[in-house]
Amino acid sequence: MQAIIPVAGAGTKLRPHTHTQPKPLIPVAGKPILGHILDNLIEAGVNDFIFVIGYLGEKIEEYIRDNYGKNITTQFVIQGPREGLAHAISMTEMLIKPDPKGLLIVLGDTILDVDYLSFLESKTSILGVDTVEDPRKFGVVRLNSEGFIESLAEKPTIPKSNLALAGIYKILETELLFEAIHHLIENGLRTQTEYHLTDALMWMVEKGVKIKTQNVNKWFDCGKKDSLLETNRILLGRKDAELSLPKGLINSILVSPVSIDEDCFIENSIIGPYVAIGKGVRIEHSIVQDSILGDYATLDSILLKHSVVGNDAILKGKSQSVNIGDSTEINFND
0 MQAIIPVAGA GTKLRPHTHT QPKPLIPVAG KPILGHILDN LIEAGVNDFI FVIGYLGEKI
60 EEYIRDNYGK NITTQFVIQG PREGLAHAIS MTEMLIKPDP KGLLIVLGDT ILDVDYLSFL
120 ESKTSILGVD TVEDPRKFGV VRLNSEGFIE SLAEKPTIPK SNLALAGIYK ILETELLFEA
180 IHHLIENGLR TQTEYHLTDA LMWMVEKGVK IKTQNVNKWF DCGKKDSLLE TNRILLGRKD
240 AELSLPKGLI NSILVSPVSI DEDCFIENSI IGPYVAIGKG VRIEHSIVQD SILGDYATLD
300 SILLKHSVVG NDAILKGKSQ SVNIGDSTEI NFND
């Protein structure tokens, strides 16, 4: 089965980090968001991927090539103007192979805890869903008495249910899906300025296609600093592997759960709980809790809590909660 992973978005809600790093490559619990998604899909048996790239797409290509190049089949298409998820999917049409197992679509910026094997073995088209408190922010589905989708709506003002699309779709009627997307684009049928996959799926339902849903166990939102750190805490708390110690660990204490690249230097510091540290990080005389540190960051004499620090950032001298991007230097001692 082929899987389409759209990763062309700019991730504006995670700025300043996404000024220099595409959102799917933002680290959480020891690996990029996209790394968690790919590992889950590969474990479920999916190994043929089409990535729809755009903003900073060359970094996504490089990451996939360096970390997965020998284990999966990959193709990349560029979405120029970003005109919605249906538009992104339309860019892949010429690359899709006929497959009775259908086509998988997985958003590249959301980590899901779902029974992938059950999902992939479904005999009908199926969408991952979850109940939410405010469905006005999501694509929303309503089911009929037989458990199939009766209607779908993108960010409705008056939702007909609280069952939201979670970002994973398996479509058996692949040709009809692209026909639905063509119908939207050729007739200019946008919702809130974009061509939405939700509207294409509704067109398919109106044509008589039976689509069911499967609830995800957990939906990890990585869209903002606070939700990113919450995801980091949850995923670190689930790790069952033994703690790997950095090569340079001097007179310091690690409080689990933490994820620390072995190529780090930590001296006279207390790290954890719920801290994820990238490669090449240097920490001295500091206490770090509930935080994510990007590659090659430097901390000196800092009490850091509930923070996200970008790659190559330097932070010295004072207790703060911060959200600083790549290649930033802050020195509170001056």
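Heads up, the sequence shown is in numbering that gives the first Met the number 0, so the first residue is 0 and it goes up one at a time.
Using N, Cα and C, we set each Cβ at its ideal position, and we do this for glycine too.
Asked: Touching or not, the segment 138-151 and the segment 87-105, by the rule of three or more beta carbon pairs under 8 Å?; Found: no
Asked: Tell me where the alpha helix (DSSP H) around His305 begins and ends.; Found: Taken as a continuous stretch (DSSP letters only), His305 belongs to no alpha helix (DSSP H), being part of the beta strand (DSSP E) at 302-308.
Asked: Taking Lys12 and Ile125 to be in contact with their CB atoms under 8 Å, please state how far apart those CB atoms are, rounded to whole angstroms.; Found: Wrong, their Cβ atoms sit about 29 Å apart, outside the cutoff.
Asked: If you draw a straight line from the alpha carbon of Ile95 to that of Leu111, how long is it in whole angstroms?; Found: 24 Å
Asked: Using a Cβ distance threshold of 8 Å, determine whether the segment 106-121 contacts the segment 31-44, with at least three qualifying pairs required.; Found: yes
Asked: Quick one: is the Cβ of Leu84 within less than 7 Å of any heavy atom of the ligand SAM?; Found: Among the components modelled here there is no ligand, and therefore nothing to report on the ligand SAM.
Asked: By how many angstroms is the C-alpha of Ile291 removed from the C-alpha of Lys30?; Found: 11 Å
Asked: Taking 8 Å as the cut-off, decide whether the C-beta atoms of Leu103 and Gln1 are in contact.; Found: yes
Asked: Roughly how many angstroms separate the alpha carbons of Lys246 and Lys223, rounded to a whole number?; Found: 32 Å
Asked: Would you kindly report the start and end of the unbroken alpha helix (DSSP H) that includes Lys114?; Found: Looking at the sequence provided, one finds Asp at residue 114 rather than Lys. Element bounds for Asp114: n/a, residue is neither H nor E.
Asked: I need the DSSP call for Lys169, collapsed to helix, strand or coil.; Found: strand
Asked: Please list the terminal residues of the continuous beta strand (DSSP E) segment that includes Glu60.; Found: Unbroken run through Glu60 is the alpha helix (DSSP H), 56-67; no beta strand (DSSP E).
Asked: Please report the distance separating the alpha-carbon of Leu248 from that of Asp289.; Found: 19 Å
Asked: Buried or exposed: which applies to Gln191, given that a residue is buried once 16 or more other Cβ atoms fall within 10 Å of its Cβ?; Found: exposed
Asked: In the DSSP output, which residue or residues are listed as bridge partners for Gln1?; Found: Asp47, Leu102
Asked: Which residues does DSSP pair with Pro31 in a beta bridge?; Found: Pro26
Asked: The beta strand (DSSP E) spanning Lys211 covers which residue range?; Found: 210-214
Asked: Would you mind stating whether Leu176 and Met201 have Cβ atoms separated by less than 8 Å?; Found: no
Asked: How many Å lie between Glu229 and Gly79 at the Cα?; Found: 32 Å
Asked: So, for Thr73: in the same chain, excluding its five sequence neighbours on each side, which residues have a beta-carbon less than 7 Å away from its beta-carbon?; Found: Phe48, Phe50, Ile63
Asked: What do you reckon, are the CB atoms on Ala338 and Leu235 nearer than 8 Å?; Found: Within the shown structure, residues of the chain are numbered from 0 to 333, placing residue 338 beyond reach of any answer.
Asked: Got a sec? Which residues, its chain only, sit under 8 Å from His18 by beta carbon, not counting five neighbours each side?; Found: Gly324, Asp325
Asked: Which same chain residues, not among the five before or five after Pro155, have their C-beta less than 8 Å away from its C-beta?; Found: Pro134, Arg135, Val139
Asked: Following the continuous beta strand (DSSP E) through Ile157, name the residue where it begins and the one where it ends.; Found: Note, Ile157: premise wrong, no beta strand (DSSP E); not H, not E.
Asked: Less than 7 Å between C-beta atoms, sequence neighbours within five positions excluded: which residues of the same chain meet that for Ser42?; Found: Residue 42 is actually Glu in this sequence, not Ser. The answer is none, since no qualifying residue turns up.
Asked: Cα-Cα, which of Asn267, Asn250, Ser251, Lys278 is closest to Ser258?; Found: Lys278
Asked: Going by DSSP in three states, Gly138 sits in which element: helix, strand or coil?; Found: strand
Asked: Identify every residue that forms a DSSP beta bridge with Trp218.; Found: Leu111
Asked: Start and end of the alpha helix (DSSP H) containing Arg237?; Found: 224-237
Asked: So, using beta-carbon positions, are Pro23 and Val45 closer together than 8 Å?; Found: no
Asked: May I ask which residues mark the beginning and end of the beta strand (DSSP E) holding Asp380?; Found: No information on residue 380 is available, as it lies outside the stretch 0 to 333 that the chain covers here.
Asked: So for Thr91, helix, strand or coil by DSSP?; Found: coil
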